[in-house]
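Only one structure is covered here, and it is reproduced in the block below.
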């Protein structure tokens with residue numbers, strides 16, 4: 002087309018400038034609208050995140066303090082009626098001594114230590130304060146008697162002496178002190194009797210009950226009988242074992258598969274099929290992986306139920322597609338110039354991949370891996386199906402032992418019937434889980450920045 | 028197209044029968060290509076290229092974009108192997124060794140035929156490691172002292188040593204474009220290749236860096252057989268002793284550089300050199 006037949010040729014330059022100028026307003030407007038929408042979306046998202054975090058922290062922080070009761074415990078021989086502890090010299094053989102020692106320990110265990118707790122509480126209460134034994138015992142946590150007994154077993158010479166022992170206030174007492182329960186509710190709706198409540202208030206006033214940092218939430222395992230002493234140690238170690246298993250299995254397998262598929266596998270129908278299926282696997286609901294784990298690892302391979310080993314394997318399966326897809330993406334993004342440079346130098350394909358391509362992609366692979374692992378760390382559904390929601394009251398010593406995981410512990414505490422007490426605990430558990438993830442992400446960011454500096 | 032191809036073959040025969048450029052250059056033949064064809068999938072990129080490349084001289088391939096000169100260059104060290112769907116036909120011989128012999132390991136071939144690419148592509152590693160990489164993977168240095176010697180002499184040959192001697196441990200990617208390209212040349216030299224292929228080595232460089240590289244190529248000619256692809260005719264005229272003109276996947280004309288530029292036989296070559304096509 003000749004230039005003078007174009008419509009713009011009929012306009013003078015001034016007219017054309019005017020046309021462009023007239024259009025500018027609309028263009029700027031649409032740009033500003035888009036910018037505004039983007040900003041609004043970010044503010045909204047940040048607002049929700051801030052709301053979530055403040056809510057969790059507001060609810061969870063009180064659970065990091067505990068109410069300690071400072072009791073003067075008198076190991077009164079009238080209550081602690083036991084024979085003197087056997088000593089080795091009094092027996093002819095080691096076996097006899099062991100038998101006598103066991104017998105003594107049994108007799109100590111069978112004593113009603115609640116009587117000691119009761120006596121100590123009464124001693125701490127104002128003189129002549131009238132309260133039922135049953136009501137009185139609701140103030141101290143149920144494991145107080147064990148704590149006192151352990152002190153005695155460790156040191157039997159305490160018999161007849163008075164020592165200061167700190168025990169935990171019960172969950173109900175904590176609810177009353179911290180205001181988790183509405184103080185204006187009538188007696189029938191309160192967890193504690195009026196006498197117990199007023200005694201607690203007295204204790205708080207005269208310092209028998211004081212507040213301290215709740216190390217127990219970090220160092221103790223879960224407990225149903227003594228909720229005030231329930232902690233996250235068991236769940237934490239369960240999660241830790243699973244993380245280690247996921248990192249040890251999913252990362253090498255995932256990265257190796259991605260490297261093979263991307264760099265070495267011939268492009269064929271089979272590899273296409275595999276690729277489609279990996280993408281599909283990434284979209285499979287996690288609970289399905291739980292079913293698979295239950296069927297394969299537990300029913301077929303007879304691995305122990307509720308074990309972090311099985312949990313780790315299930316989470317590995319779940320994480321693999323994410324890592325493979327992300328790693329392939331990273332490999333695909335490496336510039337062909339680098340590959341050609343390596344091949345042109347006479348590097349073999351393996352040398353090209355391991356000397357040049359992988360080091361360059363390592364930061365992105367690491368990020369993808371951490372995201373995948375963090376995702377697995379927060380996963381609950383598949384763990385429920387392989388028995389990891391069982392109540393486990395011990396720290397797992399090996400990945401083969403029964404255990405639970407942090408997100409499952411959150412789920413269990415969230416469902417606990419003592420809502421007043423466990424709502425803050427649940428939020429605290431969420432904070433611990435989030436802290437775990439932040440540490441994990443922090444490590445990733447640190448490694449990434451170090452590797453990028455080196456490259 | 029076929030008609031054109033026939034005509035071109037005839038021209039080529041004429042060229043071949045009337046003169047032997049390698050003889051004229053008084054050089055033994057190092058590389059021989061015969062009827063080399065390349066297909067990318069269904070598309071044919073090269074239509075039977077036959078050419079002799081003289082030893083220790085610079086041979087340049089010129090021609091308009093998409094004429095197949097780079098494709099042919101990449102056949103010489105089998106870089107086309109890495110392209111999905113590329114098929115190469117015909118024979119290329121380095122001395123009497125068939126490059127496409129299935130028993131020949133491509134790794135060994137690429138140690139003998141080095142390559143410098145269009146865009147400087149140093150590894151994202153230190154300058155030292157860049158040069159040391161080739162000798163390292165091929166096991167050419169027996170000790171650290173050996174390696175230091177190889178690295179330093181390669182950098183010297185590439186005319187880069189004086190500029191970088193104080194920062195051998197800094198990343199190669201931090202150098203200027205021209206320095207990066209010389210680093211790539213040093214990297215290629217370090218393996219001790221017999222042939223160096225250069226695929227438009229100056230197209231991403233400024234005139235001063237280009238002049239330095241051209242000087243370097245002229246020096247390297249003493250020891251290496253160099254094949255250079257360029258779209259700058261002045262460059263071909265300046266650095267090469269033999270020139271081959273490619274057009275639409277055919278080798279139109281080859282000969283002593285001076286003859287090609289002053290007295291081209293073929294009409295198309297004439298047009299290209301006069302700036303009428305390309």
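Chains as they are written, first to last, in the working numbering: chain W, 2 to 456; chain V, 28 to 305. Yeah, the Cβ is synthetic: ideal placement off N, Cα and C, and Gly gets one too. The model shown is predicted, which means the values in this text are computed figures rather than measured ones.
Check the Cα spacing between residue 114 of chain V and each of V:161, V:93 and V:74: the tightest is with V:74. At a cut-off of 7 Å between beta carbons, residue 344 of chain W contacts chain V.
Going by DSSP, residue 71 of chain W is part of the beta strand (DSSP E) stretching over 66-75. Taking 7 Å as the cut-off, the beta carbon of residue 242 of chain W is found closer than this to the beta carbon of residue 400 of chain W.
When the alpha-carbon of residue 111 of chain V is set against those of W:177, W:158, W:153 and W:269, the nearest one is in W:269. For the region 143-163 of chain V, the set of positions with a beta-carbon nearer than 7 Å to some beta-carbon of chain W reads 144, 146, 148, 150, 151, 160 and 161 in chain order.
Distance between residue 173 of chain W and residue 227 of chain W, taken at the CA atoms: about 11 Å. Residue pairing by DSSP places residue 67 of chain V opposite V:70 and V:113 in a beta bridge.
Put simply, the backbone Cα of residue 108 of chain W is about 16 Å away from that of residue 148 of chain W.
Boundaries of the alpha helix (DSSP H) harbouring residue 260 of chain V: 260-266, taken from the DSSP string. Assigned with DSSP and collapsed to three states, residue 231 of chain V falls in coil, not helix or strand.
The three-state reading of DSSP puts residue 152 of chain V in coil, since its state is none of H, G, I, E or B. Cβ-Cβ distances below 8 Å link residue 438 of chain W to 375, 378 and 379 in the same chain, with the five nearest sequence neighbours on each side left out; the list follows chain order. Ranking V:60, V:185 and V:214 by CA distance to the CA of residue 246 of chain V puts V:185 first. Inter-segment contact for the region 73-93 of chain W and the region 111-127 of chain W is present: three or more beta-carbon pairs are separated by less than 8 Å. Within the region 84-159 of chain W, not a single complete beta strand (DSSP E) segment reaches 3 residues in length. Within the region 326-345 of chain W, 338, 339, 341, 342, 344 and 345 place their CB atoms closer than 7 Å to a CB of chain V, listed in sequence order. For residue 392 of chain W, the secondary structure class from DSSP, reduced to helix, strand or coil, is coil.
In the three-state reduction of the DSSP assignment, residue 370 of chain W falls in the helix class. If you check the CB distance, residue 386 of chain W and residue 291 of chain W come in under 7 Å. Proximity of chain V to residue 19 of chain W at the Cβ level (cut-off 8 Å) is not reached, the minimal Cβ distance being about 41 Å.
Taking 4 residues as the shortest admissible run, the region 308-345 of chain W contains the following complete alpha helix (DSSP H) segments, listed from N- to C-terminal end: 309-333 and 337-345.
Leaving aside the five residues that flank residue 157 of chain V on each side, the residues in its chain whose CB is nearer than 7 Å to its CB run, in chain order, 149, 150, 199, 210 and 214. Taking every protein chain shown into account, the CB of residue 184 of chain W has fewer than 16 other CB atoms within 10 angstroms, so this residue is exposed.
Residue 290 of chain W: member of the alpha helix (DSSP H) spanning 287-294, first to last residue. Interface annotation for the region 91-121 of chain V against chain W: 104, 106, 109 and 111, criterion Cβ-Cβ distance under 8 Å. Within the DSSP secondary-structure output, residue 274 of chain V pairs in a beta bridge with V:277. Take residue 55 of chain V, set aside five residues on each side of it, and the residues of its chain with a beta-carbon closer than 6 Å to its own are 82, in chain order. Annotated three-state conformation of residue 162 of chain V is helix, per DSSP. Distance from residue 370 of chain W to residue 252 of chain W at the Cβ level is roughly 5 Å; contact confirmed, criterion being Cβ atoms closer than 8 Å. The continuous alpha helix (DSSP H) containing residue 199 of chain W extends over residues 195-207.
The alpha-carbon of residue 294 of chain W is positioned some 47 Å away from that of residue 153 of chain V.
The beta carbons of residue 143 of chain V and residue 248 of chain V sit no closer together than 7 Å. Cβ-Cβ distances below 7 Å link residue 78 of chain V to 60, 271, 278 and 281 in the same chain, with the five nearest sequence neighbours on each side left out; the list follows chain order. Taking the CA atoms as reference points, residue 80 of chain V sits about 17 Å from residue 95 of chain V.
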